[in-house]
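Here's the structure, in structure tokens; my notes come after.
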RNA sequence: GGGCCGUUAGCUCAGCUGGUAGAGCAGUUGACUCUUAAUCAAUUGGUCGUAGGUUCGAUCCCUACACGGCCCA
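This is the structure we're talking about:
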């Protein structure tokens, strides 16, 4: 017994000690169930009492005891398994005096195996009339309040196992998340995409603008980086002739925590040869509709107090048009004029840095004044080249790239573009990033010589897309925080 | 990084102007063979986040820190 045991735990330890003293296995693993709670409710819940009586269905169920009501020589209890809960009816007459007394000493939270016949109680609830009952696992820790459950957010994140036991809503969120990922895989597989796995540990982190985590490889004697994106590896595969590839996996970014950011998060990245960013906008639109249909069974839903109807076509608007829409005082003709944009930033309390060009300043203004207004699904496209070092420049307007970001509920959900496959242009943009890095920008990119070499072999015209799976799961489950859709969100150590 | 709010029994929460802490559930004991947050009776359980300070006296006021939440950057 440890010193931090409270009285409740001590009592349960004493019960376990008594159980061990009887000589049998305290944690038996020879009980085999043959039914799940929800299967029984669905399969027999609608049968009439007479039909149920006549068929005398024998079942073995197992699960955690979530409720217990003892009324002298008979008791009711609720067993919870992965499918749901079913009531059992325990009678001393049917079980025998000693086993019934044993049962009365068990606790809510213990895991039981029960065998008996299905019947319906006087109040109409399908239940198991127990003929045999075993304690399979003695639980030592008391569960939270049976009615209020576990409400404390910190405890829900730190002890997710308790949250999952107590909160059906929480279980549903993670089931939906899994349904979402399964849908995305099915959809892409059906379109001829190949799912691949590329390095998580990279000697040169690339594919995004972010600070990486650094670790060290002892045998090689080099620092390595946890990837901030798989992008450059996936595009190497396109060079290699894998013309449609995707990866759904973790990225790591050494940044702060918030309701929208976790240091490790899940991204879907995909690349499709002989396609451009417009094709991918179409793909995202179909993907979001399909995901809502697969996860929620509808295209109309509420999330975070906002109603979404995905039947409507998603709006498409350029960065500059959106800036003008949200800042009526600005003039289109001067939107690429650095002094003008600096003044516009200052008038809005937006900080800027001396090295920022017109493209970067535009994006600062867009993020502060426009992003939060994008509640309904919206594609914002024509991003400045300055902030898009991996995107293909626009053929008509070299200030811009063929790139979009996708927003719902005021949050960025996806980022896609026609890929830059001109090796010499890419090398020049890497050099520009290195200059920023040398000037002290820790988020600027490294020069990846092997990636340039790969492009020199020739990458087919390609479009690529990244979707934040966590944020998409937040949207579809109505979760206000990324922590609600991560089983084990990052927390400061206790 | 900044601002605001929170931290009291295993859980959910009260606690007035500073006078050494309460409820419900859970637990324990007893009653009860159809309950639905079962009911009834009795009862155990607290370093009031941590460390200082003010005070005759601090859960309460002040300071710092820790952890969490929300908003901002």
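In this note's numbering, the protein residues as written are 164 to 657. Just so it is clear, CB atoms sit at the ideal spot from N, CA and C, and this is done for glycine as well. Keep in mind the model is a prediction, meaning the values are calculated, not measured.
For residue 554, which residues does DSSP report across the bridge? 582
Can you list, in chain order, the residues of its chain with a C-beta nearer than 7 Å to that of residue 166? Leave out the 5 residues immediately preceding and following it. Low per-residue confidence applies at residue 166: pLDDT is 44, beneath 50, and the placement is therefore not dependable enough to give any value.
Enumerated in chain order, which unbroken segments of the beta strand (DSSP E) with a length of 3 residues or greater are wholly contained in the stretch 500-554? 541-544
With burial defined as no fewer than 16 other Cβ atoms inside 10 Å of the residue's Cβ, what is the status of residue 637: buried or exposed? buried
List the endpoints of the continuous beta strand (DSSP E) containing residue 280. 274-283
So what does residue 387 bridge to, in DSSP terms? 378
From the DSSP output, in three-state form, read off residue 244 for me. strand
For residue 480, which of helix, strand or coil comes out of DSSP? strand
DSSP three-state call for residue 608: helix, strand or coil? coil
Give me the Cβ distance between residue 282 and residue 216, rounded to the nearest whole Å; I'm assuming they're in contact under 8 Å. 7 Å
If distances are taken between C-alpha atoms only, which option among 644, 526, 408, 290 comes closest to residue 221? 290
Label residue 578 either buried or exposed according to how many other C-beta atoms from any shown protein chain fall within 10 Å of its C-beta, with 16 as the threshold for buried. buried
Contact between the stretch 244-263 and the stretch 290-299 (3+ Cβ pairs under 8 Å): yes
Would you call residue 720 buried or exposed, if buried means 16 or more other Cβ atoms sit within 10 Å of its Cβ? Outside the shown range of the chain, which is 164 to 657, sits residue 720, and nothing can be said about it.
Just mark residue 409 as buried or exposed, buried being the case when its beta carbon has 16 or more other beta carbons within 10 Å. buried
Let's test the definition: count the other Cβ atoms within 10 Å of the Cβ of residue 253 and tell me whether it reaches 16, buried, or not, exposed. buried
Output the boundary residues of the alpha helix (DSSP H) element that contains residue 268. 260-268
Would residue 507 and residue 493 be called neighbours here (beta carbons separated by less than 8 Å)? yes
Would a C-beta distance cut-off of 8 Å place residue 485 and residue 529 closer than the cut-off? yes
Less than 8 Å separating the beta-carbons of residue 592 and residue 580? no
With DSSP as the reference, please indicate the residues paired to residue 435 in a beta bridge. 407, 626
Residue 209, DSSP secondary structure in three states: coil
Three-state secondary structure (DSSP) at residue 315? coil
Do you know how far the Cα of residue 268 is from the Cα of residue 179? 11 Å
Inter-residue CB distance, residue 572 and residue 463 (contact presumed, cutoff 8 Å): Not a contact, Cβ separation roughly 15 Å.
For the alpha helix (DSSP H) that residue 303 lies in, which residues bound it at each end? Where residue 303 is concerned, there is no enclosing alpha helix (DSSP H), given that its DSSP letter is neither H nor E.
Option in 626, 330, 368 with minimal Cα separation from residue 610: 368
Are the CB atoms of residue 230 and residue 309 within a distance shorter than 8 Å? yes
With a CB to CB cut of under 8 Å and the five nearest residues on each side skipped, what residues in its chain are close to residue 312? 329, 330
Can you tell me where the beta strand (DSSP E) with residue 465 in it begins and where it stops? 463-466
Between which two residues does the alpha helix (DSSP H) containing residue 346 stretch? 331-353
Can you find the residues in the same chain that come closer than 7 Å, C-beta to C-beta, to residue 327, ignoring five residues on each side of it along the sequence? 333, 334
Cα-Cα, which of 255, 557, 552 is closest to residue 235? 255
Could you check which residue in 540, 489, 192 has the C-alpha nearest to that of residue 570? 540
What span of residues does the beta strand (DSSP E) with residue 568 cover, start to end? 566-571
Taking Cβ positions, are residue 635 and residue 337 nearer each other than 8 Å? no
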